[in-house]
């Protein structure tokens, strides 16, 4: 993770949580008191974001020691120690909630992603995320998706072209939309078109779209689409895909399956932080 | 919602999504093209955050018209129109994803909360949220909890005293922790203590804690605690509370039940945005 | 002092003072020249904010050495050395004014507070500050009040409920205002009501307000109020309290006395900074 | 007042005061309730900063109406209405404290300045402020000094050269310091030198310093200095000047008198805000 | 131009220029004085950024009227009126320099670009910009390139893959670099490889790179490269391309020619701003 | 260079270039890979900004080693090594473009300035820069001008008074403008007036302006102006000065010559960065 914005994000989140100060800790804990705490898994899953938790404490006090036992991508079982932290007790107590909030959310996403990826690992289809991320956390959440084993779709509106139904309505035709986009956007970027019918698929193919997204198609339609395309474009299945139908979708032969639920419907993974020792 | 930080949050989130620019929309949609779009419910739930979605478009262009059909707190069914937007097509297309990301997440929280609140509405217990919120979104997520009918626990570390096990370990005793905190924090703030055993409960009572949190106790313990306390302090049940055991907990007679899952395990509510007309 | 916002504050204040650059120092002092300077008291008082001064230099150059001789809370007499600084002469000369502006203001507040606290130390009344602080410096100024020996009232509008005359006018009655607030604000927060008459006091008592603020009452009224309340609520005297009447107010038996002048009418304490040696 | 940074300052100060939200007002006052409030003088003085107070409310809600009755520079007597505000009751109640904190501090500075200026109005000496301002408020505080009738010294370290004792020590001589500075700083900027003795004064004169600051000199020394200089440089008296000796200093014939107390020892002027009507 | 960051950029640039305030204008121009000013071309070229200049004044005062006579992309000759502005004289005088600094630089880039584009308009080659832009102005400068008629290469490091010599050295081979990148980056992004020799070109072709950049090749090498590739990849010529050799490069048959000088060696176009009338 | 805002500038510029991440480097280069790179001159000139390039890498990773071979002000010839960098390959590859963009632009300005300064070194005239700098880079660009051997004019609108034609039009006369400004601006600041005719020059002289700027005068007029003034004010030649007429202007006897082209028409100096070794 080389995320330039991480410290800014941590700063804002700490300010959000700490407000005028952690009045409980400041009134009870001597400033020089040292303590040791551990992050422990309480349910099974995949770790993601442990460096973010480390960065939370490092932001507050560069002298906090943070030993990673289970790194990003590692499987954890209830009871597993994930990391051990040692530093001023005030720092540990004030920072623990934010460190957990990041770690639990990102691990929740990685865990859900891993489960989905495992369901389709024998197919050629690759699982992709979407832009349905929590405002402000996109880079982290997409990172967690990658840790879970899936691949990132475009990060935002400037690094990919996705021509949707709404764009086509305004431009008039897929053909015109694709050719216009191809002339205007940087040549380094592929053109993806969203289609809902076989007619649109045909038109997208004829426009030489690089990627075609099959929007909310059923399994039979997807199979038909794969046959029609015959490798002339990359195919992405999207919309209404869930744990129940994922492996069937993967078997249709599409190249990519994108799934918003990886980020917008992931629950936090249960992880605790406990002070084990106060020197 | 009077949230001073809202525009900053929207700005950062738009920058996150838009990056160098929405290259698809900018290359395809004429700058002066006007369009109309609608937000439509795709699953049942409670609306929360519609003003945030409105603020997203208003931030981008103050001239966008935004008619709220279903306001915060309203129940929605699949197919219900939630809001109608009219303005420059470029603004609608570039802003839609962020408007949806906020609206879906906040409505997801409100919907989950409403469901939980309904389960305990015949008890005196009030449902509370926690600090297990998404970093950067606390005020909004706690607002959504309120819309769902539950009540907010402290917002952060500066507006409430919560003496936890870790603090007690360092201070030495509940008695000492409570009396120290009471002398040091602003007199406007109550003192809450987390207890795990009946002995600790007794000690907390004797220290005149204002609120006592029963941490991870089972139903029988909670009932015993309620009896012991006999109204001399407010009681909050916390830890391991879920949909399955919530109503039982409510029947124990505790005053408050706090539940992190309201925010950390809520899925986004399914809502779509469609351009219905381009003038 | 664990103040997350301190470096931001220092940064803005330095930018305010330094502008495009300290043209005098940059044109006259060689970049590598090392110097030693001392902070010296020029009038008697209480030190507060020495860590802020230290942080000013540390922000500009982490290698500056800063030895604290008189720490926060220490009494100083004219001529006392408060701190000794050693580092690049440019840093010392450019940062000295800001370091002094913080130190003098905070020490001025602490000194004034200590004087007031000493006047009432034989009473049970505790001295409180208010929200009448300099915009942008609240956490620091309230910290200085604490160093001076008084206690902090709420920090801002989100960590305490204060129902004022204006609120009551709009809600209709104290009774209604208190019960409404109690249902809506986090249960961790006490309810304080401002009253001007004995009738209002009575009403506040009956509403079970946690704290009652006696607004601009005279000594006789305060005594009467203390008698009426008889310990059923905490009492705070406020408004028109100054050095002349403070000890009398303290003798009335109120629990708290709040005094805006601690922050809004404190003069800076006279402290100088001199280069004593240039290596 | 054309102060580009004003809204940023207001924003930060509001965030400081409001935190997570004004829980009292939000729980008690209906969002659409309209009210009218007035700012009233409670002690005599000079108004300064009324536009800042107006900007506080305008920042929160552009629809607030704000009628200025006593503008910046106007004299006020206890009971005088300074301004009338009309808008959402929530905005008025949440913003009042910040609006007052600015207005009271700036009016306090202007009032003190006016008093000092009046003491020397029959002399040719002009009163100047210093850089001893509250961190973050320099432009506003210097503005208030101007409203009070005094003149601003340099704003910061980049718009004036002030060669102090500390600089001279490092450079070796006044002569060398002045000539070096004159070659290096923008030619639009005058060179001022601080002197403590007649020898230094002589040296400064010979270096053709534009302005010479007489540091902590007594009245006799100042008179001697004025005679020696004979108009060949501008003279500024500084250090230890207070209400008691100010008019005597003015009579010595110096051109400028700088006085840090204008900003660092000014008390807030007493001004109240009251809701007079809720529609 | 839909540039979300524009107002932030203007704000910082105004603060940079205005500092503590425009002391000349504030001391001389009455606050309510209205004036009219015109932007006039003093040399021939292409306008770009007129909306940025408009935004500068709008940022300072939304009531300034700004009539665009020559819009972005229009040709201008010396003496042509580009825009007419009417508003408070203080705003016009304080903002003029920044408005000009943006307009002159962006018009300079557009003018240079147009000249280059005209030189190759009869070839199929498209002119591209690079990342050699002024730090902080990339979106604006790339916009100006587009106004001048050239096309944008990738905006930054996240919306395009460019495998350079340095990457290849580390990975070991072009083959491995291309296939690794193709597996890891979002599938919406093309893979571009920089080659310096025909051997590398061959290897890049075999790796199925989407775009191949011919780095610092001479005309003969470019022609050979075009023949070898035969349409199997897009070809970009880069390095050492200037006005003297541009048209020859275009005739080689490459698809794109990238030229850093469009942004890093463009001079500002000469444009003046004059007050023509003060009401 | 003691530029407080440097890290903020670097941060924004890095975010601008890196966006969501350097996808090429992150997909190809192992996180722990160490490399060494060198900055090499490709054309002759003067180095300026090498510390800025160093700060770019230090911002990204404080452990990067950066050896300066040619410091600011040093002459370079093609092939000269300017600096050697050693650190994580990812940091070097991601940061190189920004480090170069700063270094090339600042060195371009210094090189152009040095050339101009050399042309007038036998005259008494000093070369000055202007406010025609790139928005956001003023302090750096003015620093580069200084490195090139010229002197800075005022930095912005708050550290110098420049009464222009537009001001005079509004005030009514030069006499009135000068005397008004002299009474209002800080006494540390000189008054400069722009004149276009000998009549205006005469009026400026009689008003005791400190500096008089001869705007767009020809050589004969300048000579006449120098004679008229006879040392009673400093004279600055400005407008239409270029490489062709610069030395003639210098011979007229003016004190200063200001030249916008130093910053607004400087091309970047050609400098390359190459990885020479990957450990």
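Chains as they are written, first to last, in my numbering: chain A, 17 to 295; chain B, 17 to 295; chain C, 17 to 295; chain D, 17 to 295; chain E, 17 to 295; chain F, 17 to 295.
We put the beta carbon where it would ideally sit given N, CA and C, even for glycine.
All values reported here derive from a predicted model rather than from experimental measurement.
Please list, in chain order, all residues of the same chain as residue i whose beta carbon is under 6 angstroms from its beta carbon, the five residues on each side excluded.
i	result
residue 38/C	110
residue 284/F	120, 121, 124
residue 179/D	193, 209
residue 220/A	190, 209, 211, 228
Short of 8 angstroms in beta carbon distance, which residues of its chain neighbour residue i, apart from the five on each side in sequence? Order them along the chain.
i	result
residue 154/C	147, 171, 172
residue 237/C	214, 230
Using CA atoms only, rank isn't needed, just tell me which of the options is closest to residue i.
i	options	result
residue 185/C	204/C, 166/C, 210/C	210/C
residue 131/C	119/C, 48/C, 164/C, 121/C	164/C
residue 195/F	158/E, 43/E, 27/E	43/E
residue 23/A	53/A, 187/A, 72/A, 41/A	72/A
residue 139/F	262/F, 67/F, 282/F	262/F
residue 200/C	219/B, 181/B, 182/B, 158/B	158/B
residue 187/D	105/C, 54/C, 281/C, 30/C	105/C
Among residues of its own chain, excluding the 5 on either side of residue i, which ones have a beta-carbon nearer than 7 angstroms to its beta-carbon?
i	result
residue 116/C	287, 289
residue 33/C	113, 114
residue 293/E	51, 52
Between residue i and residue j, which are expected to be in contact by the criterion C-beta below 8 angstroms, what is the C-beta distance as a whole number of angstroms?
i	j	result
residue 101/C	residue 84/C	Contact flag wrong, Cβ pair sits at about 10 angstroms.
residue 198/D	residue 207/D	6 angstroms
residue 28/F	residue 152/E	6 angstroms
residue 241/B	residue 251/B	6 angstroms
residue 57/B	residue 26/B	Not confirmed; about 23 angstroms, so no contact.
residue 168/B	residue 202/C	5 angstroms
residue 30/B	residue 108/E	About 31 angstroms separates the two Cβ atoms, so there is no contact after all.
residue 177/F	residue 40/E	5 angstroms
Can you look up residue i in the DSSP assignment and give me helix, strand or coil?
i	result
residue 288/E	strand
residue 140/D	coil
residue 251/C	strand
residue 113/A	helix
residue 293/D	strand
residue 178/B	strand
residue 107/F	helix
residue 43/A	helix
residue 198/D	helix
Is residue i near the ligand SAH, with its Cβ less than 8 angstroms from a heavy atom?
i	result
residue 36/F	Here there are no bound small molecules, and the ligand SAH is not part of this structure.
> Using 8 angstroms as the threshold, is the segment 265-274 of chain C in touch with the segment 129-145 of chain C, meaning 3 or more CB pairs across them?
Replying inline: yes
> Is it a yes or a no for the segment 61-80 of chain C touching the segment 45-53 of chain C, going by three-plus beta-carbon pairs under 8 angstroms?
Replying inline: no
> Is there contact between the segment 85-97 of chain E and the segment 56-66 of chain E, where contact requires at least three CB pairs shorter than 8 angstroms?
Replying inline: yes
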